[in-house]
Each structure stands twice: as C-alpha cells, then as structure tokens.
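Working notes, structure below.
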C-alpha cells in the first residue's frame, strides 16, 4: 500500500502541482482547499502525513493542527507546514513542526518525508 499524503492549501494551482509531484513519485494523494471539512477528510482518508499551508482562509494551519492533535484518533499523524510566508519558521516552532518554504521542489520534499521515514 502506498503512503497517503493529505495536502491542505487554498491555492488550487499549488495543490495540483504538489499532487502531481507526489503522485508521480508513488504516493497516494488527497487534497483539501477549504478547511471546513478538514477533520472529516482526515478521518476518511486516514493519511500517513499532512502537508499543511499555514495561511488558510477559514481555519489557519496552526489551529487545524491543534484540532488534529486534540483528537486521540488523529493525534499521531505527522504534519509538515508549508508556506511562502517569511514567518513560517515562527509558526512551525509554535507546534515544534518541520516546515518547507514555497516554492519547493520534490527533492526538498523527499528530504522532509525521509525525516518521518515516509517513502
């Protein structure tokens, strides 16, 4: 079974780009561009990892991650923050999370995935 990665980003073009990169590299990918249904999507897709944009319009990535970790059934899922925001390091440090700055290439993403041994 392939590794499942959920991409959470309100930029539809970015989601499609990341999705294509990951799919070409053998990952199963699902996407969410509006965080209203975030927890439902997580529970249905059961991802091995989540790529989370910090700046989402309805629920920001930090708050969504807090919701994820407050739920016992999803608290184990690793989250990697991604953003073009220069303050991403500050946001990521709030929850002790790895992050990747946009734009990025598949090699940078692979290096992050390897930290979690998700290949």
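Residue numbers (full-length UniProt numbering): 1 to 119.
In this text, a Cβ means the ideal position worked out from N, Cα and C, and glycines have one as well.
Of the listed residues the options, nearest to residue i (C-alpha basis)
i	options	result
residue 17	110, 116, 105, 114	105
residue 44	30, 22, 112	30
residue 55	34, 111, 113	34
First and last residue of the uninterrupted alpha helix (DSSP H) at residue i
i	result
residue 19	12–24
residue 68	61–70
residue 29	Unbroken run through residue 29 is the beta strand (DSSP E), 28–32; no alpha helix (DSSP H).
residue 2	Counting along the chain, residue 2 falls outside any alpha helix (DSSP H), and DSSP gives it neither H nor E.
residue 107	106–115
Integer-rounded CB distance, given that residue j should sit under 8 Å from residue i
i	j	result
residue 53	residue 9	4 Å
residue 99	residue 80	7 Å
residue 46	residue 3	Not really, about 12 Å apart at Cβ, beyond 8 Å.
residue 58	residue 42	Incorrect: roughly 15 Å between the Cβ atoms, too far for contact.
Beta-bridge partners of residue i, as assigned by DSSP
i	result
residue 98	DSSP output for residue 98 lists no bridge partner at all.
residue 52	8, 81
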